[in-house]
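One line per chain: the protein sequences are W and P, in this order. Residue numbering for the first sequence follows this note's numbering, beginning at 8 and increasing consecutively. Residue numbering for the second sequence follows this note's numbering, beginning at 91 and increasing consecutively.
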Amino acid sequence: MTLYLMCFFLFLVGVYGAITKRDLIKIILAIGIMGYSINLFLVLIAYRSEAFAPILKEGVKVAMVDPLPQALVLTSIVIELGITALMAGLAIKIYEKYDTLDITKIRRLKG
Amino acid sequence: MILSQFIFVPLAAAFLIALVARKKENIAAWICMLASLWLFVVSIIAFFRLPDFGGMIMRTTSGWKIPFTIPLVLDNLSAFMLIIISLIGVISAFYALQYINHFTGRWNFFALFLLMFTGMNGVVLTGDFFNLYVFMEISLISAYSLVAFGTEAEELEAAFKYATMGAITSTMILFGVGILYSFTSTLNMAQVGEIVQQIAHKKLVFLVFGLFITGFGLKAALVPFHAWLPDAHPSAPAPISAMLSGVLIKTLGVYTIVRIFFNVFGAPPVVLTILMLLAVLSIVIGGFLSVVQWDFKRMLGFSSVSQIGYVVLGFALGTPLGILGGILHLLFHSIFKSLLFLNSGAVEYATGERDIRKLGGLSQDLPVTSTTTMIGTLSISGIPPFNGFFSKLVIILACFQAGNPIVGFIAAAVSIVTLAYYLKTLKHAFYSKNKAKQILEKVPITLKAAMIILAALCLVSSLILIPAIRNATVKPIVDTVLNKTQYIDKIMPYLGSI
Chain W
8 MTLYLMCFFL FLVGVYGAIT KRDLIKIILA IGIMGYSINL FLVLIAYRSE AFAPILKEGV
68 KVAMVDPLPQ ALVLTSIVIE LGITALMAGL AIKIYEKYDT LDITKIRRLK G
Chain P
91 MILSQFIFVP LAAAFLIALV ARKKENIAAW ICMLASLWLF VVSIIAFFRL PDFGGMIMRT
151 TSGWKIPFTI PLVLDNLSAF MLIIISLIGV ISAFYALQYI NHFTGRWNFF ALFLLMFTGM
211 NGVVLTGDFF NLYVFMEISL ISAYSLVAFG TEAEELEAAF KYATMGAITS TMILFGVGIL
271 YSFTSTLNMA QVGEIVQQIA HKKLVFLVFG LFITGFGLKA ALVPFHAWLP DAHPSAPAPI
331 SAMLSGVLIK TLGVYTIVRI FFNVFGAPPV VLTILMLLAV LSIVIGGFLS VVQWDFKRML
391 GFSSVSQIGY VVLGFALGTP LGILGGILHL LFHSIFKSLL FLNSGAVEYA TGERDIRKLG
451 GLSQDLPVTS TTTMIGTLSI SGIPPFNGFF SKLVIILACF QAGNPIVGFI AAAVSIVTLA
511 YYLKTLKHAF YSKNKAKQIL EKVPITLKAA MIILAALCLV SSLILIPAIR NATVKPIVDT
571 VLNKTQYIDK IMPYLGSI
């Protein structure tokens with residue numbers, strides 16, 4: 008339970024960062040932290056105490072960890088890589104146009 | 091076989107463009123056009139062949155049984171969404187053939203366009219929660235890049251805003267999927283739905299509801315989550331704006347909400363109440379914010395927020411008439427909002443200007459564009475015999491029938507506001523006396539043709555309301571949404587072990 012709560016705390020750290028930080032790079036990092044916490048959560052779901060790697064053998068019955076969430080984590084890591092790369096690329100282009108990474112100064116669109 | 095085409099064809103075409111069409115960009119345009127046309131034909135065949143298969147076609151990848159595979163499921167609702175996606179897709183691709191000549195790196199545009207297509211088709215077809223997330227990310231990443239396609243300062247800013255909000259809420263959706271998996275041990279939608287019904291302690295499900303409403307609500311641009319839309323949609327090139335406003339927010343937002351909350355979780359009343367609240371907020375706030383806009387495309391963006399409120403309101407009522415209204419407005423809005431965005435693109439193409447205060451008297455210089463804009467305006471503000479009138483009428487009647495007369499009055503009143511701000515735009519841009527802006531370029535014939543086709547559809551699609559056609563086309567979709575157990579019951583027989 009403690010592990011789940013700490014994982015949720017990490018998620019909240021990410022949300023806090025994404026909402027309050029004013030630097031584009033820090034926002035990207037905060038979104039990364041949110042992603043890591045979810046990956047950690049998925050791995051935690053799969054964990055069984057005193058279990059083995061999920062390899063079936065004839066005649067042997069042991070407790071095994073759940074292999075599916077581990078596959079999900081791999082996929083979600085790749086997706087996060089894509090999003091982080093795209094956002095970093097956008098941040099570089101924004102820096103070229105505005106000469107700043109401060110979101111309070113990047114305000115040409117009026118909300 | 092027919093189901094894998096919807097994902098395979100655009101994906102293969104996108105990679106084909108990246109491989110062969112880097113130097114010859116006209117080939118890229120034609121590959122994109124052919125792939126979209128192919129998908130349009132196949133989606134129509136799929137829709138009309140569906141009753142022969144008992145209303146659901148199912149394909150499991152690599153021959154495994156359900157809990158161990160990713161199923162592709164085509165039912166009436168998915169087939170209907172596929173037709174909308176490929177109809178607007180093929181017209182936007184046709185429009186883009188000439189329009190995109192302004193930009194450099196055109197093959198990127200067509201490859202990203204097809205990837206967005208792949209993602210949306212996948213979202214509509216998949217029967218698996220995690221796969222839904224993956225396809226959603228495919229279409230969203232392409233959408234972020236397409237919003238930033240012009241690489242002007244404003245476009246980059248809008249794309250970054252969209253990407254930030256989209257990434258945060260996608261993470262929330264993945265969190266919800268993780269929680270669902272942790273207490274059902276499956277990712278298959280139908281199986282999750284069945285197990286959740288049997289579980290006694292359902293408190294955790296409400297956390298999932300909250301995460302999903304936030305996540306998919308942002309994708310649909312319902313009001314507390316709408317801030318990205320008026321920036322992102324106008325910043326994209328016009329055919330992409332038409333795609334984003336016409337299809338993407340409906341596929342990633344409305345379709346997923348309907349599929350998950352109606353078919354999987356059986357339309358829990360608390361969710362319907364929240365959705366109705368968000369829908370009414372969207373209708374009112376989106377409508378009133380549109381009035382003060384002077385940028386043509388930005389006004390259309392705020393108007394999308396307001397109109398998506400009508401669609402969600404129809405579904406949130408939960409009655410047969412309300413769902414009918416929601417489905418009709420979903421179809422009609424995708425037609426007339428795409429038409430209006432293409433019109434704004436044509437005006438920008440001809441004059442290089444989007445601020446309607448600086449435009450004027452365009453009705454003489456651009457007769458086709460002004461006529462189609464007039465038709466789009468009349469449709470969206472609900473003037474008979476154009477299609478918008480019928481869907482709004484059905485939704486407003488459904489509000490009264492479901493015992494929500496106040497909501498009905500609000501919907502009807504904002505409809506008048508809609509007419510007001512569209513007439514303002516029409517008067518300033520097309521029918522005013524002063525001629526402030528010179529025509530720089532003629533609108534090419536392909537742009538005109540795309541706009542005329544959509545304008546004709548604004549009229550023709552009203553025919554769906556004729557009872558015979560309605561029973562053949564829309565009624566099975568309403569039944570699919572309304573029947574709380576049908577989706578689960580039809581998939582469960584495919585369940586098996588290794």
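Note that the Cβ used here is the ideal one computed from N, Cα and C, for glycine as well.
* **Cβ shell of P/Thr151 (< 6 angstroms), same chain only, five flanking positions each side left out** => Here residue 151 of chain P refers to the residue found at position 61 of the second sequence. Cβ neighbours of P/Thr151 beyond the five flanking positions: Thr159, Ile160.
* Return yes when the Cβ of W/Leu116 is within less than 8 angstroms of the Cβ of P/Leu246, no when it is not. => The count along the second sequence starts at 1 and reaches residue 246 of chain P at position 156. The count along the first sequence starts at 1 and reaches residue 116 of chain W at position 109. In this structure, P/Leu246 keeps its C-beta atom at 8 angstroms or more from the C-beta atom of W/Leu116.
* **Residues in the segment 83-100 of chain W having any Cβ partner in chain P nearer than 8 angstroms** => Ser83, Ile86, Gly89, Ile90, Leu93, Met94, Leu97, Ala98, Lys100
* Sheet register partners of P/Met146 (DSSP bridge) -> Taking the first residue of the second sequence as 1, we reach residue 146 of chain P at position 56. Paired residues: P/Asp165.
* **Start and end residues, alpha helix (DSSP H) containing P/Pro566** => Start at 1 with the first residue of the second sequence, and residue 566 of chain P comes out as number 476. That run of the alpha helix (DSSP H) goes 557-572.
* Measuring CB to CB, does P/Ile339 end up less than 8 angstroms from P/Val568? -> Counting from 1 along the second sequence, the entry for residue 339 of chain P is found at position 249. Counting from 1 along the second sequence, the entry for residue 568 of chain P is found at position 478. Going by C-beta atoms, P/Ile339 is not nearer than 8 angstroms to P/Val568.
* Any contact of the segment 422-431 of chain P with the segment 525-544 of chain P, i.e. 3+ C-beta pairs under 8 angstroms? -> With the cut-off at 8 angstroms, the segment 422-431 of chain P and the segment 525-544 of chain P touch.
* Asked: Does DSSP classify W/Met8 as helix, strand or coil?
  -> As a first step, residue 8 of chain W must be located in the first sequence, where it is residue number 1. Taken through DSSP and simplified to helix, strand or coil, W/Met8 comes out as coil.
* May I have the straight-line CA-CA distance separating P/Gly144 from W/Ala95, to the nearest angstrom? => Numbered from 1 along the second sequence, position 54 holds the residue referred to as residue 144 of chain P. Numbered from 1 along the first sequence, position 88 holds the residue referred to as residue 95 of chain W. Going from the Cα of P/Gly144 to the Cα of W/Ala95 covers about 48 angstroms.
* Report the neighbours of W/Tyr105 on chain P: residues whose CB is nearer than 9 angstroms to its CB, in chain order. => Taking the first sequence and counting its residues from 1, one reaches residue 105 of chain W at position 98. By Cβ distance, chain P contributes Ala243, Leu246, Glu247.
* **W/Tyr23 classed as buried or exposed, judged by whether at least 16 other C-beta atoms fall within 10 angstroms** => For the purposes of this step, residue 23 of chain W is identified with residue 16 of the first sequence, where counting begins at 1. Its Cβ having fewer than 16 others within 10 Å, W/Tyr23 is exposed.
* Chain-order list of residues whose beta-carbon lies under 7 angstroms from that of P/Ile364 (same chain, five-residue window excluded) -> Along the second sequence, read from residue 1 onward, the residue named residue 364 of chain P stands at position 274. If we look at P/Ile364 and ignore the five residues flanking it on each side, its Cβ neighbours are Ile303.
* State yes or no: is the beta carbon of W/Met41 nearer than 8 angstroms to at least one beta carbon in chain P? => Here residue 41 of chain W refers to the residue found at position 34 of the first sequence. Closer than 8 angstroms to some Cβ of chain P, the Cβ of W/Met41 qualifies, so yes.
* To do: Starting from P/Lys517, follow the alpha helix (DSSP H) in both directions and report where the run begins and ends.
  => Within the second sequence, the letter at position 427 stands for residue 517 of chain P. 495-519 is the extent of the alpha helix (DSSP H) around P/Lys517.
* What are the boundary residues of the alpha helix (DSSP H) that includes P/Ile330? -> Counting from one through the second sequence, the residue named residue 330 of chain P turns up at place 240. Its alpha helix (DSSP H) spans residues 328-333.
* Asked: Can you tell me the Cα-Cα spacing of P/Pro329 and P/Leu187, whole angstroms?
  -> If you number the second sequence from 1, residue 329 of chain P lands on position 239. If you number the second sequence from 1, residue 187 of chain P lands on position 97. Spanning the two alpha carbons is a distance of roughly 10 angstroms.
* To do: Taking only the alpha-carbon atoms, compute the straight-line gap between P/Leu379 and P/Tyr521 and give it to the nearest angstrom.
  => Residue numbering aside, residue 379 of chain P sits at position 289 when the second sequence is read from its first letter. Residue numbering aside, residue 521 of chain P sits at position 431 when the second sequence is read from its first letter. Roughly 23 angstroms separates the two Cα atoms.
* Could you tell me the distance, in whole angstroms, from the CA atom of P/Gly153 to the CA atom of P/Ser275? => Residue 153 of chain P sits at position 63 when you count from the first residue of the second sequence. Residue 275 of chain P sits at position 185 when you count from the first residue of the second sequence. Each residue's CA atom was taken as its position, placing P/Gly153 and P/Ser275 some 21 angstroms apart.
* Does DSSP put P/Val382 in a helix, a strand or coil? -> Mapped onto the second sequence, residue 382 of chain P falls at position 292. Of the three classes helix, strand and coil, the one that applies to P/Val382 here is coil, per DSSP.
* Enumerate in chain order the residues of its own chain whose CB-to-CB distance from P/Ala111 is below 8 angstroms, with the five nearest sequence positions on each side excluded. => To locate residue 111 of chain P, count along the second sequence from 1; it is residue 21. Excluding residues within five positions, the ones whose Cβ falls inside 8 angstroms are Ile117, Ala118, Ile121, Trp197, Phe200.
* Counting only beta-carbon atoms, is W/Leu31 nearer than 8 angstroms to chain P? -> On the first sequence, residue 31 of chain W is found 24 positions in, with the first residue counted as 1. Answer yes: the Cβ-Cβ gap between W/Leu31 and chain P drops below 8 angstroms somewhere.
* How about P/Glu227: is its C-beta nearer than 8 angstroms to some C-beta of chain W? -> Sequence index remark: in the second sequence, residue 227 of chain P carries index 137 (1-based). Yes, because at least one Cβ of chain W sits closer than 8 angstroms to the Cβ of P/Glu227.
* Between P/Tyr271 and chain W, is there a C-beta pair that is closer than 8 angstroms? -> Locating residue 271 of chain P in the second sequence gives position 181, where the first residue counts as 1. True, the Cβ-Cβ gap to chain W drops below 8 angstroms.
* **As assigned by DSSP and simplified to three states, the class of P/Val131** => The count along the second sequence starts at 1 and reaches residue 131 of chain P at position 41. Helix.
* Neighbour flag for P/Leu264 against chain W, beta carbons, 8 angstroms -> Within the second sequence, numbered from 1, the residue matching residue 264 of chain P stands at position 174. Closer than 8 angstroms to some Cβ of chain W, the Cβ of P/Leu264 qualifies, so yes.
* State yes or no: is the beta carbon of W/Ala58 nearer than 8 angstroms to at least one beta carbon in chain P? => On the first sequence, position 51 is the one that residue 58 of chain W refers to. No, its Cβ sits nowhere closer than 8 angstroms to a Cβ of chain P.
* Return the Cβ separation of P/Tyr577 and P/Ala280 in integer angstroms, given the expectation that the two are a contact with Cβ distance under 8 angstroms. => To locate residue 577 of chain P, count along the second sequence from 1; it is residue 487. To locate residue 280 of chain P, count along the second sequence from 1; it is residue 190. Confirmed, Cβ separation roughly 6 angstroms.
* Does DSSP classify P/Asp218 as helix, strand or coil? -> Here residue 218 of chain P refers to the residue found at position 128 of the second sequence. Of the three classes helix, strand and coil, the one that applies to P/Asp218 here is strand, per DSSP.
* Asked: Nearest chain P C-beta to W/Ala70 closer than 8 angstroms, yes or no?
  -> The residue given as residue 70 of chain W occupies position 63 in the first sequence. No, no contact with chain P.
* To do: Report the residue from P/Leu513, P/Ile559, P/Gly212 whose alpha carbon sits nearest the alpha carbon of P/Val381.
  => By 1-based counting over the second sequence, the position of residue 381 of chain P is 291. The option with the nearest alpha carbon to P/Val381 is P/Leu513.
* Asked: What three-state label does DSSP hand P/Asn433 in the structure shown?
  -> Sequence index remark: in the second sequence, residue 433 of chain P carries index 343 (1-based). If DSSP states are grouped into helix, strand and coil, P/Asn433 belongs with the helices.
* Can a CB atom of chain W be found closer than 8 angstroms to the CB of P/Asp321? -> Here residue 321 of chain P refers to the residue found at position 231 of the second sequence. Judged by the 8 angstroms Cβ criterion, P/Asp321 is in contact with chain W.
* To do: Within its chain, find whatever has a CB closer than 6 angstroms to the CB of P/Glu284; leave out the 5 residues flanking it on each side and keep chain order.
  => Residue numbering aside, residue 284 of chain P sits at position 194 when the second sequence is read from its first letter. Only Ile578 meet the Cβ criterion.
* Asked: When you compare only the Cα positions, how much space is there between P/Lys517 and P/Thr463?
  -> As a first step, residue 517 of chain P is located in the second sequence; it is residue number 427 there, counting from the start. As a first step, residue 463 of chain P is located in the second sequence; it is residue number 373 there, counting from the start. Cα to Cα, P/Lys517 sits roughly 11 angstroms from P/Thr463.
* Using the DSSP secondary-structure output, state which residues sit across from P/Val374 in a beta bridge. => The residue given as residue 374 of chain P occupies position 284 in the second sequence. Answer is none; P/Val374 lacks a bridge partner.
* Contact list for the segment 268-297 of chain P against chain W, Cβ threshold 7 angstroms -> From the segment 268-297 of chain P, only Gly268, Tyr271, Ser272 have a Cβ closer than 7 angstroms to chain W.
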